[in-house]
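**Q** Read top to bottom, the protein sequences are chains A and B.
Note that the first sequence covers residues 39 to 385 in this note's numbering.
Note that the second sequence covers residues 39 to 385 in this note's numbering.
Yeah, the Cβ is synthetic: ideal placement off N, Cα and C, and Gly gets one too.
Below: one structure in structure tokens.
There are 2 protein chains.
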Amino acid sequence: MATIKDVAREAGVSVATVSRVLNNSAAVSESTRAHVREVAARLNYFPNGAARSLSTSRTHVIGVLLPDLFGEFFSEVLRGMDSSVRQAGFHLLVSSSHADAEQLLAALHTMRGRIDGLIVMAPDVDARAAIQATTTDFPLLLIDPGVGVEGCNTISIANYDGAYAVVRHLLGLGHRRIATIMGPLRNIDAQQRLAGYRAALRDAGAPSEPELEIPGDFTEPSGYEGGSRLCALATPVTAVFAANDYMAIGVMGALSDAGIRVPEDVAVAGFDDIAMSRYLNPPLTTVRVDPFRLGERAVGRLLSVDRSAVGKHWHHEVLPTSLVVRGSCGSTWGGRARSGAGPLRGR
Amino acid sequence: MATIKDVAREAGVSVATVSRVLNNSAAVSESTRAHVREVAARLNYFPNGAARSLSTSRTHVIGVLLPDLFGEFFSEVLRGMDSSVRQAGFHLLVSSSHADAEQLLAALHTMRGRIDGLIVMAPDVDARAAIQATTTDFPLLLIDPGVGVEGCNTISIANYDGAYAVVRHLLGLGHRRIATIMGPLRNIDAQQRLAGYRAALRDAGAPSEPELEIPGDFTEPSGYEGGSRLCALATPVTAVFAANDYMAIGVMGALSDAGIRVPEDVAVAGFDDIAMSRYLNPPLTTVRVDPFRLGERAVGRLLSVDRSAVGKHWHHEVLPTSLVVRGSCGSTWGGRARSGAGPLRGR
DNA sequence: CCGGTCTGCGTAATCGTTTTCACGGCTGGG
DNA sequence: CCCAGCCGTGAAAACGATTACGCAGACCGG
């Protein structure tokens, strides 16, 4: 592989001149400029990224630490990041599936010297603290960190507002006895959605009861399980708010298997507006979050951080959610509902 | 940030010794070893990746060039890659959304000196040729390149076999007049699936007719459109094979809107076995491909390549597909079918 | 007691860039 | 005619690691 020295030798100039030409960094006569360009192209020369990084201490790469890659949510976040990042001529260095703080830190350390900034989506609070302490030399942005993160840029989802809105919608339709299938309680999104659910009920003067708050773990089977438990309740409910769409699908399956009709007998709502929600039967009322935008904004924010101001100024941004009313709650059920954010696509 | 020099100075040894301790590379007395470790930990020192790469010309990063990131297919491929890569202590440098050969090459060039190997999923044939020509200094693996790629490692999906199997299944159920909704014809998967469809019909003595081969582009709306065209056919069909699941969903929507029942009036089958296929009503008969495994194998293969043998030995691997029979083709329809590869999960 | 091997460690070259500094030659103003 | 200030260029010092080489001292057999 050709190096800058080969180009310099071949072109009869110094390496400094070659560097200047390739970076448009200083005055070089038009003739040598053209000549160097020609030689570089002929030798098929491209600068070595590692060497360049070492010299400039900039890498044009931003690191991404994710808890996992399951489901279309992360996929969309990543797509948003990639879209944003490539406009700026950057790349994404991705590492996921970090169970604990130790693994997270290990991944972070091997990224040392390879990234200009870091985006972390860590549900684990300890890990976040550790990262925040270690990473003083480049910008850091936390996605969806919950509350109480100071000295650090964050961006999160309006989980509370979204849950509040969808439950209020159910209340508005006349439902009084509304259950929820909760997410895993360690998860910050799950906590906030639960809080929104409770607040909406309280504000309507119909406070939640413990037996209406059914555990779940964001998977479809746990939704099915929760749905089955609902069917066994002494006093039946008329509506269910599942903390995410996958669980809502499970609930609808359980109700269907028990011969209970949706939405005639029980209304169902979810959270996330995943692609398949509008193709269900009936289509699912849910809360839309825009994971693409989340990724896009995260990168945009990170790239705009002044490197010298790391740790001095920070900003917490909240990405709004919006209520999407479809057939599963009974208010607009009229057959095939195709409203949604873009067509299903893949491959 | 502490460098190796700081550690050396603080520990009263040379940088060489520090390096040796941290890499376990040569004989160092137990006492200095312990001392250096202690100092490094105290200064919170971690080696700079760029410098290390420059010195060793190994980066512990592999590059991934993708055409796009839409849909769960790519997300799963990426998850498989990540899972495989982190076992080996590597990271993934991702870049996607490359429309043409020029963009692809540009991304590749900025990766120069940053990666130890490259995985490319490029539907564009020209781009592949260009990459293959440029990239002689590290291992390259092509995903799903179609045919005629010599001198290069590849891994692909048994599209032809899968399509053949699903169409033969429909034939076995007694269907004779079977339509297909094709994918975009530039796409190699689409071509191979079409070929499998045709071969199965031909071998059954019921050759395809042009009016049964309906254009599509792998999106759900194009499937709906295709389904509508099917309804308008003079001689109706009794079965449809959509070249992917998203289009099959569209077809089922169109049939439903036209008052045609699935599977009673028309059988429907798809390809890919995306997560939502088994939650449709009726659940979709389809062909399973395992994108996670694809990503996993791709990385595994790449990491096992002997760097000195690049361009000398190569191997083409084909990942098998399997037929998944569910309700939409009428043979096993009996309510909620939950068979599938793992639960729906996300967040 | 002497030459050889082994152990532990330091010196310095190296990887491929960028960038500072200095140095000629040329220009233009006084 | 002289000198200050460009302009184009090259030499060399970073950047932060790894590693070939060499050099002391310990140890051992003859």
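1) Below 7 Å on C-beta distance, what does phenylalanine 84(A) contact in chain B?
2) In chain order, what residues of the same chain lie with their CB nearer than 8 Å to the CB of glycine 127(A), ignoring the 5 residues before and after it?
3) Between the alpha carbons of tryptophan 352(A) and alanine 171(A), how many angstroms are there, rounded?
4) Can you pull the chain B residues whose beta carbon is under 9 Å from the beta carbon of asparagine 62(A), in chain order?
5) Using a Cβ-Cβ cutoff of less than 8 Å, which residues in the same chain neighbour leucine 81(B) once the five nearest sequence positions on both sides are dropped?
6) DSSP state of glycine 155(A), grouped into three classes?
7) At a CB-CB cut-off below 7 Å, which residues of chain B make contact with methionine 39(A)?
8) In chain B, which residues lie less than 9 Å from alanine 78(A) when you measure between Cβ atoms?
9) With DSSP run on the structure shown, which of helix, strand or coil describes serine 123(A)?
10) Tell me where the beta strand (DSSP E) around serine 360(B) begins and ends.
11) Taking DSSP as the reference, what is the three-state secondary structure of asparagine 61(A)?
12) Which two residues bound the contiguous beta strand (DSSP E) that contains glycine 101(A)?
13) Taking the beta strand (DSSP E) that leucine 211(A) belongs to, which residues open and close that run?
14) Would a check of beta-carbon distances place leucine 131(A) closer than 8 Å to chain B?
15) Can you list, in chain order, the residues of its chain with a C-beta nearer than 6 Å to that of isoleucine 42(A)? Leave out the 5 residues immediately preceding and following it.
16) So asparagine 319(A) contacts chain B; which residues on that side make the cut at Cβ distance below 7 Å?
17) Just tell me which of Ala237(B), Gly101(B), Gly155(B) and Ala286(B) has its CA closest to the CA of proline 253(B).
18) DSSP three-state call for alanine 272(B): helix, strand or coil?
19) Hey, could you find the ends of the alpha helix (DSSP H) valine 132(B) is sitting in?
20) Which residues in chain B have a C-beta closer than 8 Å to the C-beta of aspartate 120(A)? List them in chain order.
21) One question on the structure: do leucine 340(B) and isoleucine 181(B) come within less than 8 Å of each other, judged by their Cβ atoms?
22) Verify the CB distance criterion: does isoleucine 386(A) have a CB-CB separation below 8 Å to chain B?
23) Check whether the Cβ of leucine 332(B) lies closer than 8 Å to any Cβ atom in chain A.
24) Comparing the C-beta of glycine 87(B) with each C-beta of chain A, is any distance below 8 Å?
25) Against chain B, does serine 57(A) count as a neighbour if the rule is that its beta carbon must be under 8 Å from one of theirs?
26) Drop a sphere of 10 angstroms on the beta-carbon of glycine 189(A), count the other beta-carbons inside from all chains shown, and report buried for 16 or more, exposed for fewer.
27) Got a sec? Which residues, its chain only, sit under 6 Å from alanine 201(A) by beta carbon, not counting five neighbours each side?
28) Give me the residue from Phe330(A), Gly221(A) and Leu357(A) with the minimum Cα distance to asparagine 282(A).
29) Mind checking which residues open and close the beta strand (DSSP E) that includes arginine 90(A)?
30) Tell me the DSSP secondary structure of valine 325(A) in three-state form.
31) With DSSP as the reference, identify every bridge partner of histidine 354(A), one or two as the case may be.
32) Would you verify that the beta carbon of methionine 220(B) is, or is not, closer than 8 Å to some beta carbon of chain A?
33) Short of 8 Å in beta carbon distance, which residues of its chain neighbour glycine 210(B), apart from the five on each side in sequence? Order them along the chain.
34) Compile a chain-ordered list of the residues in the segment 304 to 329 of chain A whose CB is closer than 8 Å to at least one CB of chain B.
**A** Answer, in terms of the structure:
1) Close partners of phenylalanine 84(A) in chain B (Cβ separation under 7 Å): His147 and Arg150.
2) Around glycine 127(A), the same chain offers His98 as residues with beta carbons nearer than 8 Å, after the five sequence neighbours per side are excluded.
3) Their backbone Cα atoms lie some 15 Å apart in a straight line.
4) None at all; the shortest Cβ gap to chain B is about 16 Å.
5) Cβ neighbours of leucine 81(B) beyond the five flanking positions: Ala40, Asp44, Val45 and Glu48.
6) DSSP, reduced to helix, strand and coil, places glycine 155(A) within a strand of the structure shown.
7) By Cβ distance, chain B contributes Asp175.
8) Neighbours of alanine 78(A) in chain B, taken as residues at a C-beta separation under 9 Å, are lacking, since the least C-beta distance is about 12 Å.
9) Correcting the residue identity first, residue 123(A) is valine in this sequence and not serine. In this structure, valine 123(A) counts as helix in the three-state DSSP scheme.
10) Boundaries of the beta strand (DSSP E) harbouring serine 360(B): 360 to 362, taken from the DSSP string.
11) Reduced to three states, the DSSP call for asparagine 61(A) is helix.
12) Element bounds for glycine 101(A): 99 to 103.
13) Where leucine 211(A) is concerned, there is no enclosing beta strand (DSSP E), given that its DSSP letter is neither H nor E.
14) So yes, leucine 131(A) belongs to the interface.
15) For isoleucine 42(A), where only same-chain residues beyond five positions count, the Cβ hits under 6 Å are Val53 and Val56.
16) The answer, in chain order, is Asn319.
17) Nearest of Ala237(B), Gly101(B), Gly155(B) and Ala286(B) to proline 253(B), Cα basis: Ala286(B).
18) Three-state DSSP puts alanine 272(B) in coil, outside helix and strand.
19) Counting along the chain, valine 132(B) falls outside any alpha helix (DSSP H), though it belongs to the beta strand (DSSP E) covering 129 to 133.
20) Ordered by position in chain B, the residues that pass the 8 Å Cβ test against aspartate 120(A) are Leu107, Val132, Ser133, Ser134 and Ser135.
21) Judged by their CB atoms, leucine 340(B) and isoleucine 181(B) are not nearer to each other than the 8 Å cut-off.
22) Given that chain A is displayed from residue 39 to residue 385, the structure contains no residue 386(A) and the question cannot be resolved.
23) It does not; no Cβ of chain A falls within 8 Å.
24) At least one C-beta of chain A is nearer than 8 Å to the C-beta of glycine 87(B).
25) For serine 57(A), the nearest beta carbon of chain B is not closer than 8 Å to its own beta carbon.
26) Glycine 189(A) is exposed by the Cβ-count criterion.
27) Beyond the five residues adjoining it in sequence on each side, alanine 201(A) comes within less than 6 Å, by CB distance, of Arg231, Gly234 and Tyr235 in the same chain, given in chain order.
28) With distances taken between Cα atoms, asparagine 282(A) lies closest to Gly221(A).
29) Careful: arginine 90(A) lies outside any beta strand (DSSP E), inside the alpha helix (DSSP H) at 87 to 94.
30) The DSSP-derived three-state label of valine 325(A) is strand.
31) Answer is Thr192(A).
32) So, not an interface residue.
33) So no residue of the chain qualifies.
34) Taking 8 Å as the Cβ-Cβ cut-off against chain B, the residues of the segment 304 to 329 of chain A that qualify are Asp310, Ile312, Ala313, Met314, Tyr317, Leu318 and Asn319.
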